[in-house]
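2 protein chains.
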Amino acid sequence: MTDAERAAFWRGKRVLVTGGAGFLGSALCHGLARLGARVTAIDAMMEEGGANIANLEGASVLLVRGDIRDVELHSLCQDVDVLFNMAAQTSHMGGQRDPVADIAINAVAQVRLIQVLREAAPRATVVHASTRQFYGRPLRLPVDELHPVQPPDANGVSKFAGEQYWLLEQRVHGRPVVALRLTNCYGPRLRIRDAKQTFLGIWLRRVLEGETFEVWGGEQLRDLTYVDDVVQAFLLAAEVAPRPEAAGRVFNLGGSAPASLIELAERLIAANGGEGQYVVKSFPADRAPIDIGSYHADDRAFRAATGWTPRVGLDEGLARSLEWYRARLADYT
Amino acid sequence: MTDAERAAFWRGKRVLVTGGAGFLGSALCHGLARLGARVTAIDAMMEEGGANIANLEGASVLLVRGDIRDVELHSLCQDVDVLFNMAAQTSHMGGQRDPVADIAINAVAQVRLIQVLREAAPRATVVHASTRQFYGRPLRLPVDELHPVQPPDANGVSKFAGEQYWLLEQRVHGRPVVALRLTNCYGPRLRIRDAKQTFLGIWLRRVLEGETFEVWGGEQLRDLTYVDDVVQAFLLAAEVAPRPEAAGRVFNLGGSAPASLIELAERLIAANGGEGQYVVKSFPADRAPIDIGSYHADDRAFRAATGWTPRVGLDEGLARSLEWYRARLADYT
Numbered sequence: 001m002t003d004a005e006r007a008a009f010w011r012g013k014r015v016l017v018t019g020g021a022g023f024l025g026s027a028l029c030h031g032l033a034r035l036g037a038r039v040t041a042i043d044a045m046m047e048e049g050g051a052n053i054a055n056l057e058g059a060s061v062l063l064v065r066g067d068i069r070d071v072e073l074h075s076l077c078q079d080v081d082v083l084f085n086m087a088a089q090t091s092h093m094g095g096q097r098d099p100v101a102d103i104a105i106n107a108v109a110q111v112r113l114i115q116v117l118r119e120a121a122p123r124a125t126v127v128h129a130s131t132r133q134f135y136g137r138p139l140r141l142p143v144d145e146l147h148p149v150q151p152p153d154a155n156g157v158s159k160f161a162g163e164q165y166w167l168l169e170q171r172v173h174g175r176p177v178v179a180l181r182l183t184n185c186y187g188p189r190l191r192i193r194d195a196k197q198t199f200l201g202i203w204l205r206r207v208l209e210g211e212t213f214e215v216w217g218g219e220q221l222r223d224l225t226y227v228d229d230v231v232q233a234f235l236l237a238a239e240v241a242p243r244p245e246a247a248g249r250v251f252n253l254g255g256s257a258p259a260s261l262i263e264l265a266e267r268l269i270a271a272n273g274g275e276g277q278y279v280v281k282s283f284p285a286d287r288a289p290i291d292i293g294s295y296h297a298d299d300r301a302f303r304a305a306t307g308w309t310p311r312v313g314l315d316e317g318l319a320r321s322l323e324w325y326r327a328r329l330a331d332y333t
Numbered sequence: 001m002t003d004a005e006r007a008a009f010w011r012g013k014r015v016l017v018t019g020g021a022g023f024l025g026s027a028l029c030h031g032l033a034r035l036g037a038r039v040t041a042i043d044a045m046m047e048e049g050g051a052n053i054a055n056l057e058g059a060s061v062l063l064v065r066g067d068i069r070d071v072e073l074h075s076l077c078q079d080v081d082v083l084f085n086m087a088a089q090t091s092h093m094g095g096q097r098d099p100v101a102d103i104a105i106n107a108v109a110q111v112r113l114i115q116v117l118r119e120a121a122p123r124a125t126v127v128h129a130s131t132r133q134f135y136g137r138p139l140r141l142p143v144d145e146l147h148p149v150q151p152p153d154a155n156g157v158s159k160f161a162g163e164q165y166w167l168l169e170q171r172v173h174g175r176p177v178v179a180l181r182l183t184n185c186y187g188p189r190l191r192i193r194d195a196k197q198t199f200l201g202i203w204l205r206r207v208l209e210g211e212t213f214e215v216w217g218g219e220q221l222r223d224l225t226y227v228d229d230v231v232q233a234f235l236l237a238a239e240v241a242p243r244p245e246a247a248g249r250v251f252n253l254g255g256s257a258p259a260s261l262i263e264l265a266e267r268l269i270a271a272n273g274g275e276g277q278y279v280v281k282s283f284p285a286d287r288a289p290i291d292i293g294s295y296h297a298d299d300r301a302f303r304a305a306t307g308w309t310p311r312v313g314l315d316e317g318l319a320r321s322l323e324w325y326r327a328r329l330a331d332y333t
């Protein structure tokens with residue numbers, strides 16, 4: 001699709017983004033609004049999550065505050081063309097502490113949303129934000145989509161259930177659905193206040209504030225996806241979802257070449273002009289049972305189906321992130 | 001374990017069996033009571049499920065009527081030594097019709113039970129009745145435990161979630177937990193009133209009543225486990241669950257050599273002295289999307305871990321089943 005074709009595709013489309021005030025949801029809202037889509041964001045603005053009202057600053061988006069567990073969904077879903085389903089409880093520790101709330105958001109509320117959408121927008125395309133999380137500690141690297149599912153925590157159980165309900169909607173009712181299993185994503189609008197949204201959030205804050213950050217473990221490999229590349233992936237996924245080769249599929253999404261946490265820490269400091277320091281700590285005992293070790297994605301299936309390829313390298317992405325937050329620290333700390 | 005060792009192991013043990021009035025739950029209750037265990041069965045006695053008060057006739061078992069979604073669980077779980085967790089919504093069509101109730105029973109109520117058990121019986125062993133169902137349409141045969149999980153219906157989604165919560169309890173809290181992924185089980189106490197509990201239930205009824213039964217499709221392969229062999233498997237699973245080589249594991253359970261539905265129909269009629277007839281019909285359209293084709297289990301891991309081997313061959317199991325129901329048709333139709 002050329003840029004012009006893409007703009008034509010999205011212009012005037014009714015799009016609903018759940019979790020639209022969060023890190024990835026809001027970035028997607030900005031991108032969609034720029035393409036001329038009519039975007040509604042719904043977000044529960046949960047304190048422990050990624051939502052931040054500042055995330056939607058400057059975007060032509062209608063933000064509805066509401067929790068998908070109980071908000072009136074019918075009017076939100078009416079005649080929607082595309083649903084980007086980004087709302088989730090994503091906290092691993094939160095899921096362990098309160099698995100009932102965790103499954104209520106990530107699975108039971110998904111069932112309700114699916115049922116409402118079936119009535120209100122039976123032909124809408126859905127792109128569901130899923131996660132590498134439930135692969136657990138990888139049995140082999142890189143991890144492809146046929147890797148066994150072995151959730152390391154309650155959050156992984158509920159996220160897998162939610163994803164599978166959406167895929168069933170394609171298989172049983174023919175709805176165009178694609179699920180993207182994300183790895184660690186980073187960039188502007190990531191929650192950096194604390195360690196609740198990937199390890200990189202709090203690292204960015206500490207570096208920007210001139211404080212020492214902690215690296216837990218250090219040898220674990222991770223791949224990272226820059227937010228702009230995530231947005232491109234979601235747009236592409238929606239564009240191809242009705243095609244037979246994409247409908248009802250899950251795709252891993254990777255990004256940068258795998259690097260150890262130590263290497264990532266070094267490159268973050270380099271991206272900050274060499275300023276910054278970290279200490280290496282052992283993995284906290286209360287998190288050890290849910291630690292997954294090394295991960296990186298085999299995302300060749302998604303690349304083949306969509307032509308997607310990450311455009312923003314790690315060093316550039318880190319530099320851009322630092323620059324973005326430097327001007328907005330007060331809104332994010 | 002010799003028979004004497006097994007009796008010594010179980011004598012006086014406090015055992016809770018959820019779904020204890022159902023097909024497999026009640027068979028387990030009978031077996032446990034014979035071994036001298038102190039058995040409490042809890043069952044919601046749901047009309048669409050496998051529960052039947054006649055199933056517990058003659059067993060020294062306390063039956064509590066209650067739904068694990070809301071019953072007071074604490075007193076039931078207090079100081080239990082072993083929990084056999086057989087309660088489930090198992091209807092595939094029911095799960096599609098009401099996925100919210102389905103996940104409430106199979107996953108959310110499991111979380112509650114796990115939490116109560118953590119307080120009331122922190123060291124109890126748990127054997128969780130799981131299912132081959134969520135492997136979906138097999139990518140290869142026979143199906144081992146690393147086969148990808150791809151639930152073909154909402155019931156498969158919720159059952160996988162429930163299983164995984166129990167396994168986490170082993171990984172995070174060290175509880176001895178084993179999950180058995182069952183294939184089609186049959187024998188005395190199976191629901192034969194209608195087609196709600198495997199295809200074989202209604203076949204048995206039709207044959208016993210001298211009526212024609214329907215074979216849907218016909219070429220699909222199935223393996224079957226006779227109920228006595230299932231009971232042995234659950235007892236063995238509880239006995240080995242605390243060992244490092246078993247704790248926290250899932251095991252497939254197979255049984256008879258795979259046979260096509262047509263062959264199974266022929267053998268059922270042969271077991272009935274040649275009396276009986278069937279018609280082959282195409283798979284009903286409303287069930288086609290959740291049809292899984294052929295399945296048979298690779299259960300070598302469980303055999304290796306426990307020494308289990310099925311004792312009752314298919315022809316004998318079918319003959320025993322027919323004989324058992326012939327004397328009790330009124331209670332089961």
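Listed in order, the protein sequences are those of chains A and B.
If you use full-length UniProt numbering, the first sequence corresponds to residues 1 to 333, in order.
If you use full-length UniProt numbering, the second sequence corresponds to residues 1 to 333, in order.
Where a beta carbon is used, it is the ideal one built from N, C-alpha and C, also for glycine.
Query                                                                                                               : Result
Straight-line Cα distance separating Tyr135 (chain A) from Val127 (chain B)                                         : 23 Å
First through last residue of the beta strand (DSSP E) which encompasses Lys281 (chain A)                           : Tyr278 to Lys281
C-alpha distance - Gln110 (chain A) paired with Asp102 (chain A), whole-angstrom precision                          : 12 Å
Neighbour flag for His320 (chain B) against chain A, beta carbons, 8 Å                                              : In the sequence as presented, His is not what sits at residue 320 (chain B); that position holds Arg. No, its Cβ sits nowhere closer than 8 Å to a Cβ of chain A.
DSSP three-state assignment for Ile42 (chain A), whether helix, strand or coil                                      : strand
Counterpart residues of Arg180 (chain A) in DSSP-defined beta bridges                                               : According to the sequence as given, residue 180 (chain A) is Leu; it is not Arg. Paired residues: A:Ala129 and A:Phe251.
Boundaries of the beta strand (DSSP E) in which Arg14 (chain A) is found, first to last residue                     : Arg14 to Thr18
Boundaries (first-last residue) of the alpha helix (DSSP H) holding Trp203 (chain B)                                : Thr198 to Leu208
Contacting residues, own chain, Cβ-Cβ under 8 Å from His147 (chain A) (five flanking each side not counted)         : Tyr135, Pro138, Leu139 and Arg140
Best match in B:Ala124, B:Gly19, B:His92 and B:Gly50 for proximity to Leu62 (chain B) [C-alpha to C-alpha]          : B:Gly19
Residue-chain proximity (Arg171 (chain A), chain B), Cβ-Cβ < 8 Å                                                    : yes
Sheet register partners of Asn85 (chain B) (DSSP bridge)                                                            : B:Thr18 and B:His128
Under 7 Å by beta carbon: chain A residues contacting Asp331 (chain B)                                              : Here the premise fails: no neighbours, minimum Cβ distance about 36 Å.
Cβ neighbour criterion (16 or more within 10 Å) applied to Asp70 (chain A)                                          : exposed
Endpoints, the beta strand (DSSP E) within which Val215 (chain A) is located                                        : Phe213 to Trp216
Under 8 Å by beta carbon: chain A residues contacting Asp153 (chain B)                                              : Leu168 and Val172
Against chain B: residues of the stretch 270-288 of chain A by CB proximity under 7 Å                               : none
Chain-ordered residues of the stretch 299-310 of chain B with a beta carbon less than 9 Å from chain A              : none
Any chain B beta carbon closer than 8 Å to Ala88 (chain A)                                                          : no
Top-ranked residue by Cα proximity to Met45 (chain B), from B:Ala33, B:Ile68 and B:Arg300                           : B:Ile68
Option in B:Ser158, B:Gln133 and B:Phe84 with minimal Cα separation from Asp98 (chain B)                            : B:Ser158
At least 3 beta-carbon pairs within less than 8 Å: the stretch 224-234 of chain A vs the stretch 183-201 of chain A : yes
Nearest to Glu211 (chain A) (by Cα), restricted to the options A:Ala179, A:Val279 and A:Asn106                      : A:Val279
DSSP-derived helix/strand/coil call for Tyr165 (chain A)                                                            : helix
Where His30 (chain B) falls, given that 16 or more other Cβ within 10 Å makes a residue buried                      : buried
Below-8 Å beta-carbon distance, Val177 (chain A) vs any chain B residue                                             : no
is_contact[Leu146 (chain B), chain A] using C-beta, thresh 8 Å                                                      : yes
CB of Phe129 (chain A) within 8 Å of CB of Met93 (chain A), strictly                                                : A small fix is needed here, since residue 129 (chain A) is Ala in this sequence, not Phe. No, the pair does not count as a contact, with Cβ atoms beyond the cut-off.
Backbone CA spacing between Arg311 (chain A) and Leu318 (chain A) [nearest angstrom]                                : 13 Å
CB contact check: Ala107 (chain B) to chain A, cutoff 8 Å                                                           : yes
Residue burial classification, Thr198 (chain B) (beta-carbon count within 10 angstroms, cutoff 16)                  : buried
Partners in chain B for Tyr165 (chain A), counting only beta-carbon separations shorter than 8 Å                    : Pro99, Ala154 and Val157
Local Cβ density within 10 Å of Pro258 (chain B), reported as buried at 16 or more and exposed below that           : buried
Simplified DSSP assignment, three categories, for Leu76 (chain B)                                                   : helix
Pick from B:Leu76, B:Ile262, B:Ala179 and B:Trp10 that is closest to Ile42 (chain B), judged by C-alpha positions   : B:Leu76
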